[in-house]
Amino acid sequence: MYTRRTSSSSPSTTPQWKYDVFLSFRGDDTRKGFTDHLYETLRAQGIITFRDEPKISKGKSISGELIAAIEGSKFALIVLSQNYASSTWCLDELLHILKFMEAREAVLPIFYYVDPSHVRKQTGCFEKAFTQLEERFSSDDKTKVQEWRDALAKVADFSGWKAKDWYETLLIKDIIDVIWKRLRPTSFTFVENSVGLDSSMNSIDLLLGAGVDEVRFIGIWGMGGIGKTTIARVVRERISPEFEFSIFLENVSDNVQKGGLISQQREILARISMKTIDIFDVHEGSTMIRRLLRHKKVLLILDDVTDSDHLDYLAGKQEWFGSGSRVLITTRNEHLLIEHEVERRFQVKRLNHDDALKLFSWKAFGKDHPEKNYIDLSSCVVSYADGLPLALKVLGSFLRGRHVSAWNSALGKLRDLCNTVLGTLQISYDNLDDREKKIFLDIACFFNGEKEDRVIEILDSCGFCACIGIDVLIEKSLLTNSYGTLWMHQLLQEMGRELVNRECLDEPGNRSRLWRHEEGKHVLSKNTGTDAVESITMDKTGPVVHADAKCFSRMKKLRLLNLANVNLSNDLEYLSDNLRSLEWDGYPSKYFPLHFNPENLLELNMCHSHIESFWTGVKLLYNLKIFKLSHSLNLVNTPDFRGFPNLEYLILEGCRRLYKVDPSLGMLERITQINLKDCKSLVHLPRSVYGLKSVKVLNLSGCSKLDKLPNELGNAECLEELDVSGTSVRELPSSIVRLKSLTVLNFRGCKGPSPKFWNLLSLFQLFLSLFQRFLIRSRVPTPLLLPSLSGLVSLKKLTLSDCNLLVVPNDLSCLSSLTDLDLSRNQFVSLPNGVSLLSRLQFLNLECCERLQELPEVPQRVIAVVNNCISLERIARGSTEKFQWLRSTQCINCFKFAETHDFRSLVFTLLKQYDGEVPITQFVVPGNEIPEWFNHKSAEYIYQKEWFNPQSVEYPLSVELRPGWFTEKWMGFAVCLAFAIQERSPNCDPPLEYGSFDYNYTHIITCKVDINGKEMTAARRRTFVVLNAESGQAVSDHLWVVFFPRHFPQLWKGISDQIELPSGTEWWQGIFGQITFSITARVGHGVIVKQSAARLVYEGDLEELDPRFRRGTRSHVSISEVDSEIPSYTNK
425 MYTRRTSSSS
435 PSTTPQWKYD
445 VFLSFRGDDT
455 RKGFTDHLYE
465 TLRAQGIITF
475 RDEPKISKGK
485 SISGELIAAI
495 EGSKFALIVL
505 SQNYASSTWC
515 LDELLHILKF
525 MEAREAVLPI
535 FYYVDPSHVR
545 KQTGCFEKAF
555 TQLEERFSSD
565 DKTKVQEWRD
575 ALAKVADFSG
585 WKAKDWYETL
595 LIKDIIDVIW
605 KRLRPTSFTF
615 VENSVGLDSS
625 MNSIDLLLGA
635 GVDEVRFIGI
645 WGMGGIGKTT
655 IARVVRERIS
665 PEFEFSIFLE
675 NVSDNVQKGG
685 LISQQREILA
695 RISMKTIDIF
705 DVHEGSTMIR
715 RLLRHKKVLL
725 ILDDVTDSDH
735 LDYLAGKQEW
745 FGSGSRVLIT
755 TRNEHLLIEH
765 EVERRFQVKR
775 LNHDDALKLF
785 SWKAFGKDHP
795 EKNYIDLSSC
805 VVSYADGLPL
815 ALKVLGSFLR
825 GRHVSAWNSA
835 LGKLRDLCNT
845 VLGTLQISYD
855 NLDDREKKIF
865 LDIACFFNGE
875 KEDRVIEILD
885 SCGFCACIGI
895 DVLIEKSLLT
905 NSYGTLWMHQ
915 LLQEMGRELV
925 NRECLDEPGN
935 RSRLWRHEEG
945 KHVLSKNTGT
955 DAVESITMDK
965 TGPVVHADAK
975 CFSRMKKLRL
985 LNLANVNLSN
995 DLEYLSDNLR
1005 SLEWDGYPSK
1015 YFPLHFNPEN
1025 LLELNMCHSH
1035 IESFWTGVKL
1045 LYNLKIFKLS
1055 HSLNLVNTPD
1065 FRGFPNLEYL
1075 ILEGCRRLYK
1085 VDPSLGMLER
1095 ITQINLKDCK
1105 SLVHLPRSVY
1115 GLKSVKVLNL
1125 SGCSKLDKLP
1135 NELGNAECLE
1145 ELDVSGTSVR
1155 ELPSSIVRLK
1165 SLTVLNFRGC
1175 KGPSPKFWNL
1185 LSLFQLFLSL
1195 FQRFLIRSRV
1205 PTPLLLPSLS
1215 GLVSLKKLTL
1225 SDCNLLVVPN
1235 DLSCLSSLTD
1245 LDLSRNQFVS
1255 LPNGVSLLSR
1265 LQFLNLECCE
1275 RLQELPEVPQ
1285 RVIAVVNNCI
1295 SLERIARGST
1305 EKFQWLRSTQ
1315 CINCFKFAET
1325 HDFRSLVFTL
1335 LKQYDGEVPI
1345 TQFVVPGNEI
1355 PEWFNHKSAE
1365 YIYQKEWFNP
1375 QSVEYPLSVE
1385 LRPGWFTEKW
1395 MGFAVCLAFA
1405 IQERSPNCDP
1415 PLEYGSFDYN
1425 YTHIITCKVD
1435 INGKEMTAAR
1445 RRTFVVLNAE
1455 SGQAVSDHLW
1465 VVFFPRHFPQ
1475 LWKGISDQIE
1485 LPSGTEWWQG
1495 IFGQITFSIT
1505 ARVGHGVIVK
1515 QSAARLVYEG
1525 DLEELDPRFR
1535 RGTRSHVSIS
1545 EVDSEIPSYT
1555 NK
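Basically this note's numbering = 1-based index in the sequence shown + 424.
What follows is the structure, encoded as C-alpha cells:
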C-alpha cells in the first residue's frame, strides 16, 4: 500500500508563518552571486523568503526587524561561506536562528566552499576569524565568543549541502525541492480537510493497486462540489513520489474552453520536457504525448473532464504510458468513464451528518464540534448544506465569529431559498457590498485562474478598490489565492454566472457580462447589444463570427473586450471610451476606430491585426501600460508615444513591415520591456530609446537591417536582458561596460563589420596576426568588434555564437557572475587562460569552432561541449591538472584530439584526479574499440534494422560483487561503451531543450545504476550524453567513459524519497551480489550502442594504464609521456 501521511495538528495550533525561509549569509561573500541566484529562484517558485537588505542599519547587535523575521520564518537557510564567522552580525543571527528553530529541525546549512569540519572545529578560515574575535572582545565577552563557537559546532552537524559537490544550478534546484517537500501541505496536514475521507481513500487505495506494474485508469465521479478534486489532491500528495513525473491538470473543461485542447496538451508536454512545445493540432499533440510518456512511469490527474475528447486527446489508452503509471480522472458524468472503458470507478458520496458537522465546525469554530449555544443552529445549517463539502466550508466561513442573532438571520434566508447548491452559495454573495459583488462576478465570468496583480490593476482601473475587495472574497471562502493566482471553485463560478444569466433570461444583449461564445456571437452578429453590456469575452478557438461594425455603437458601458476571429463588414468607427482592456486577436480593420478615445485603456492587445498605421498627432492614453501588436504584418509605424506616459510593455514582435518607431518612445520613463523581435524592416531605433533608464528587457533579435548600437546604450542602467542576435550589428559600443544590471547578453549571428569598414580599422585596435591580415585582403566575413566587457559584473549568460570571432577577449575573466558561455561557430584558435577564472561557469559551448586547437584549463564541474571542433589537439599544455575540465565533456568528431591522445591515456588522466570527493565524471571521444583494461565486457549488441521504431532500447551490463571485493583502496566503477550515431527517425520525438541552456538535443543516451535489482539513481540524476542535430552527424563510432566514484550514492541523496541511500562508503562493505549498469538509447533517435564494459577500479589499477604511476609519489604525469608509451586504441 502507498504510505499515508497523517497529522493530528489543527489549524488553531499551527503557527502562521510570515516567511517560508529566512536567508542567513555573509553579504560580502555571496550577496551578489550565489545568494542572489538562490533568493530569486526561491521567489520565482513562490517560496516567501526574507533576505536582509544593505539598507537595514548594521549595529553591534542585530535589529528587532531581523529577530522578528527569524521568529516569523518556518525554515532557515544558512549560507556558510569563508568569511561568515568574521561577521558578528551573522554569528548573532545564527544564535537567534538556533534559538527559535533548532528544536523543530528547521535549520538547513549550505557549506559554500567551506569544509563542515572547519565549521565544526573553527579551523581553516574560521580559525583566523575567531582569533580576531578573541582579540576584539574582553574577558567579559569571552562567553559570547564561546556561544558563537557552540552554535557553529551545532550547525555543522545538521544535514545540509556541500556546494563543491554540485553544479550551482542543480544545487539550487535540489534546495528548492527539499524546501518544497517540507513546505508543501498534504491534504492530511489540516484535520478539517481529512474529515470523511478515510472510507473514500480506502476504496481508492484498492483501485490504485500499489506495486502493480500495469497501467491503471481510475475514475472519480460525483456532483459538483462533492470533493472529487480534494480527493485527487490527496492521492497526488500521497503517491506522487512513486512516479517519475506527477502532472495535475486542474479545471480541464474550463481551460479547454479558454485555450482549446491544445493548451492542455502543451501543459502535459511542458511538465515532461521542461519547455514549451509548439503544437498545431490536437492529433499532433496526442501523438507527441504518447511518444513522450510511453516509457515513463507517470501519475496523470485530469480534473473536471466534461467531454470525451478530453480523454481521447489527453490520456488516450493504456499504451500511451509506461509500466506502473496511473491516470486519475474526475468528472460529474459517469458515462464519460464508461465510454472510455474506465473500469475502476469510484463515486464520491455526500458526507453523513456527523462528518458534515465536523467539517462545518472546523470552518465556523476552528474545532471539530460546535460551541454549546450554537449546536442546534449548526445542525440546521448542516442539514441545509446536505452533505456538500464546499457548501459547508462557505457557510462555516460566513458565520464564523458572528453573534447568535446573525445566525438566526442567516437561517431565515436559508428557509426562503431553494435547497440547492447555488442557493446555499448565494448567501455569502448576498452579504457582499456592491463593489465586492462586481469583483466577484468579473472573476467568475472572466478572471478565474488569472494572476492577482493583473486582475487588481484592471479592476482598480474600473474603480472597484480591488485589493481590499479580493481580500474580502478570500476571507469569505469565495476565492483563493494560490501562489499569486486567483482561483474560484467551479460551483461558486457557476453561481456567479447564473446570477448574470438572471439579469435577462431571454436576450444576452441585456446582460452585463457575456462569456459564452454562442451568446457573444448572437449579440455581435444580430446587433442586439445594449447599454447593459459591460464585458465580452469570446473563445479564441471558436468559429469565425461575421458582424456589422455598428454592433458596438449601443454598448456605451463596455469595460472589457476580448475577441478573436471576429470579422466586420466595414471599418470599425466606434468603441466605448469606457474600455479598460481591449484584446482583439486578428483585428480586421486597417485603422483604429475614428470615434474612439481610449483614455481609460489599461491594456491594448491586438496580435495578428490588420492595422497599418495609427492616428496622427498625440492621443492621450494616460493609463495604458501594455501595448501589444505582435505579428501585425501590415503595421508600418507606431503612434506618438507622448500620450502614453505610463506605458510599461511595448511588444511588437514579428511586425515584419514596421520600419519606423516614433522618437517619442525615448521619452517614456516607466517602460520596462521593449520587444521588437523579427521586425525585419526596422533600420534603426531613435538613439534616445537605448538610453531609457527604466528598461529591463530589450529584444531586437532578428531585426536584420539594424546595424548599430549607439553609445547611449550605456545609460540604460536597469537593463537586464539585451538580445541583438540575428541583426547586422557590427560593433558594440564601449559604453556597454556601464550596464551593471545586465544578466543576459545575446549576439548570436552578429558577423562584424563589412569589408569596406574593416579596411578603415587600425591594426592596433584589434592586434591581428598575419593570417588575420590575409583575411582582410581576402574580404572574408570579419569578426564582431567587442569592447571591454569587464564592467558587466551581473552578467550570467553570454552568447557570442556565430560571430566570426578570431580572438576571444581575455577580459572575459572579469565576468565573475557568468554561468553560461556560448562561443560556438567561431574562428578562434584558442581560448584565453582567463577562462579558468570564471569560477561560476557551468556551461561552455564551443561546438563547431573548426579552427580551435587548444583549450586552457576551465573551472571544475563545467559542462563543456566541443563537438565538431575538428582542429582540437590538446588541452592546457603545461598544466599540472591537464584534464581537470573533463568532468563532463563531449568531443564528437574531434578526430585530431583522439589521434593526439590515446584513449587509455584519457582514462588514466580521468581517474588519477580521484581524491575521495570527485563527482561523477565523463567524456566522449571518437573511437571504436574498448580497451581490455575494462575487464567486464558485454557481448556485442546486434544492430536491428527496425531502429526507426522510436522506442528506447536498454543494454544491461552486470558486474558480480563477490565477498572481499570492497577494500579501502577501491575508488569506484568505470564504465565504457561504444556507440554509433545515425540519422534520426522521422517519427521520433522533437528536439528538446537540455536543462536551462539553449542547447536543443536530438540524440540521448542514459546510464542508470541498479544494485541487486534496486535502482540507485533517481530519474533526474541519471548520467547521460545529449547531442544536437549537428553532433548527430558523427562520421564514425565514439566511446563514452563514465567514472562513478565510491561515494556517488551521496550525490543523489535527498533526490527521491523512493531511494534509500547509504550514509557513508562503509555501507558498501555489506553489499554483495550484482551491480548493473543499464545503458538506454532511444533507438529512433539514431543512437546505436555496440558494446559496453566496466571495471571495479582500485588504486593499483592505474598502474596498468601507466606503470610509472604511484599514488602519493607521482600524482601528476605528463599526458605526452603517457601517450608515448601506450599503444593506440582509437579509430584512426
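Quick reminder that beta carbons are idealized off the backbone N, C-alpha and C, glycines included.
Buried or exposed, going by whether 16 or more other CB atoms sit within 10 Å of the CB of A634? Looking up residue 634 in the sequence shown gives position 210. Taking a 10 Å sphere around the C-beta of A634, we find fewer than 16 other C-beta atoms and assign the residue as exposed.
Just confirm the distance between the C-beta atoms of L781 and V751, as a whole number of angstroms; I'd bet it's less than 8 angstroms. Locating residue 781 in the sequence shown gives position 357, counting from the first residue. Locating residue 751 in the sequence shown gives position 327, counting from the first residue. The C-beta distance from L781 to V751 rounds to 35 angstroms, too long to fall under 8 angstroms, and the pair is not in contact.
Run through DSSP, which three-state label would S664 get? Position 240 of the sequence shown, counted from the start, is the residue given in the question as residue 664. S664 falls in the helix class under three-state DSSP.
Give the DSSP-derived three-state secondary structure of V947 in the structure shown. Locating residue 947 in the sequence shown gives position 523, where the first residue counts as 1. Residue state, collapsed to three classes: helix.
Just to confirm, are L1100 and L1092 a CB contact at a threshold of 8 angstroms? Residue mapping note: residue 1100 aligns to position 676 of the sequence shown, counting from 1. Residue mapping note: residue 1092 aligns to position 668 of the sequence shown, counting from 1. Not closer than 8 angstroms, so no.
In its own chain, which residues sit with a C-beta less than 8 angstroms from the C-beta of I521, not counting the 5 before and 5 after it? As a working note, residue 521 is residue 97 in the sequence shown. Apart from the 5 residues on each side of it in sequence, I521 sits with its Cβ closer than 8 angstroms to the Cβ of F446, S448, I494, A500, I502 and V531 in its chain, given in chain order.
Cβ-based burial, P1343 [other Cβ within 10 Å; buried from 16]: Counted from its first residue, the sequence shown places residue 1343 at position 919. P1343 should be labelled buried.
Let me know if R826 comes out buried or exposed under the rule of 16 or more other beta-carbons within 10 Å of its beta-carbon. For the purposes of this step, residue 826 is taken as the residue at position 402 of the sequence shown. Exposed, since its Cβ has fewer than 16 Cβ neighbours within 10 Å.
Simplified DSSP state of L1169, which is helix, strand or coil: Numbered from its first residue, the sequence shown carries residue 1169 at position 745. The answer is strand: DSSP assigns L1169 an E or B state.
First through last residue of the beta strand (DSSP E) which encompasses W1464: Taking the first residue of the sequence shown as position 1, residue 1464 is located at position 1040. Boundaries of the beta strand (DSSP E) around W1464: H1462 to P1469.
Anyone know if the C-beta pair for D1246 and L1229 falls short of 8 angstroms? Taking the sequence shown and counting its residues from 1, one reaches residue 1246 at position 822. Taking the sequence shown and counting its residues from 1, one reaches residue 1229 at position 805. L1229 is positioned such that its CB atom lies no closer than 8 angstroms to that of D1246.
What does a CB cutoff of less than 8 angstroms around N927 pick up in its chain, not counting 5 residues either side in sequence? If you number the sequence shown from 1, residue 927 lands on position 503. The sequence as given places Glu at residue 927; Asn does not occur at that position. Setting aside the 5 residues that flank it on each side, E927 is surrounded in the same chain by N934, R935, S936 and A956, each with a C-beta closer than 8 angstroms to its C-beta; the list follows chain order.
Alpha helix (DSSP H) runs contained entirely in the segment 517 to 577, provided each spans 4 or more residues: DSSP runs (the alpha helix (DSSP H)) wholly in the segment 517 to 577: 540 to 545 and 549 to 560.
Name the one or two DSSP bridge partners that F770 has. Indexing the sequence shown from 1 puts residue 770 at position 346. Paired residues: I644.
Determine, using beta carbons only, whether C1293 and L1330 come nearer to each other than 8 angstroms. Here residue 1293 refers to the residue found at position 869 when the sequence shown is read from its first residue. Here residue 1330 refers to the residue found at position 906 when the sequence shown is read from its first residue. Cβ atoms of C1293 and L1330: not closer than 8 angstroms.
Neighbourhood of S1202 by C-beta, 8 angstroms cutoff - its chain only, sequence neighbours within 5 removed: If you number the sequence shown from 1, residue 1202 lands on position 778. Its pLDDT being 44, under 50, S1202 is placed unreliably in this model, and the coordinates cannot settle the point.
With H, G and I counted as helix, E and B as strand and the rest as coil, what does DSSP make of F1020? Counting from one through the sequence shown, the residue named residue 1020 turns up at place 596. DSSP places F1020 in coil when its eight states are reduced to three.
Residue from S510, D574, E529 and G584 with nearest C-alpha to T555: Residue 555 sits at position 131 when you count from the first residue of the sequence shown. When only C-alpha atoms are compared, the closest one is S510.
Using only the alpha-carbon positions, how far apart do T1304 and C1103 sit? Along the sequence shown, read from residue 1 onward, the residue named residue 1304 stands at position 880. Along the sequence shown, read from residue 1 onward, the residue named residue 1103 stands at position 679. Because the pLDDT at T1304 is just 35, under 50, the model does not fix this residue reliably, and the point stays unresolved.
Measuring alpha carbon to alpha carbon, tell me which residue in V1286, A830, N1317 and R1470 is nearest L594. As a position in the sequence shown, residue 594 is number 170, starting the count at 1. Cα-wise, what sits closest to L594 is V1286.
Using 8 angstroms as the Cβ pair cut-off and three pairs as the minimum, do the segment 729 to 741 and the segment 760 to 768 touch? Contact holds: three or more Cβ-Cβ distances are below 8 angstroms.
Return helix, strand or coil for N1257, following the three-state DSSP convention. Start at 1 with the first residue of the sequence shown, and residue 1257 comes out as number 833. Three-state result, N1257: helix.
Which residues does DSSP list as the beta-bridge partners of T1504? If you number the sequence shown from 1, residue 1504 lands on position 1080. DSSP, once it has assigned bridges, lists E1378 and T1430 as partnering T1504.
Please classify Q1493 as buried or exposed, where buried requires at least 16 neighbouring CB atoms within 10 angstroms. Counted from its first residue, the sequence shown places residue 1493 at position 1069. Classification of Q1493: exposed, given that the 10 Å Cβ count is below 16.
For T610, the three-state DSSP class (helix, strand or coil): The sequence position of residue 610 within the sequence shown is 186, counting from 1. Only weak support is given to the placement of T610: the predicted model assigns it a pLDDT of 44, under 50, and the question is left unresolved by the model.
Of the residues I1316, D866 and F1403, the one placed nearest M919, counting alpha carbons only: As a working mapping, residue 919 is identified with position 495 in the sequence shown. Comparing Cα-Cα distances from M919 to each of I1316, D866 and F1403, the minimum goes to D866.
Would you call A1363 buried or exposed, if buried means 16 or more other Cβ atoms sit within 10 Å of its Cβ? For this step, residue 1363 is matched to residue 939 along the sequence shown. Here A1363 is exposed: its Cβ has fewer than 16 other Cβ atoms, across all protein chains shown, within 10 Å.
Assuming L992 contacts S1013 under a Cβ cut-off of 8 angstroms, what Cβ separation, rounded to an integer in Å, is found between them? Walking along the sequence shown from the start, residue 992 turns up at place 568. Walking along the sequence shown from the start, residue 1013 turns up at place 589. Rounded to whole angstroms, the Cβ separation of L992 and S1013 is 7 angstroms, and the two are in contact under 8 angstroms.
How long is the line joining the alpha carbons of H1055 and I1035, rounded to whole angstroms? Looking up residue 1055 in the sequence shown gives position 631. Looking up residue 1035 in the sequence shown gives position 611. Distance between the alpha carbons of H1055 and I1035: 11 angstroms.
Coil, strand or helix - S977 by DSSP: Position 553 of the sequence shown, counting from 1, holds the residue named residue 977. Look at S977 here: in three-state DSSP terms it is coil, with no helix or strand label.
Quick check for students: name the residue ranges of the alpha helix (DSSP H) that lie wholly in the segment 896 to 956, counting only runs of 4 or more. Within the segment 896 to 956, the complete alpha helix (DSSP H) runs of at least 4 residues are 914 to 925 and 941 to 950.
Would you identify the three-state DSSP class for M1395, choosing helix, strand or coil? Here the question's residue 1395 lines up with position 971 in the sequence shown. The answer is strand: DSSP assigns M1395 an E or B state.
Would you call R662 buried or exposed, if buried means 16 or more other Cβ atoms sit within 10 Å of its Cβ? On the sequence shown, residue 662 is found 238 positions in, with the first residue counted as 1. Burial is judged here by how many other beta carbons sit within 10 angstroms of a residue's own beta carbon; R662 has at least 16 and is buried.
Bridge-paired residues (DSSP) for L1385: By one-based count along the sequence shown, residue 1385 stands at place 961. Assignment of beta-bridge partners to L1385 by DSSP yields G1497.
Beta-carbon separation (whole angstroms), L1242 vs L1219, contact threshold 8 angstroms: Position 818 of the sequence shown, counted from the start, is the residue given in the question as residue 1242. Position 795 of the sequence shown, counted from the start, is the residue given in the question as residue 1219. Indeed, because the Cβ distance is near 6 angstroms, the residues count as touching under 8 angstroms.
Strictly by DSSP, which residues pair up with K1052? As a first step, residue 1052 is located in the sequence shown; it is residue number 628 there, counting from the start. Beta-bridge annotation (DSSP): K1052 is paired with N1029 and I1075.
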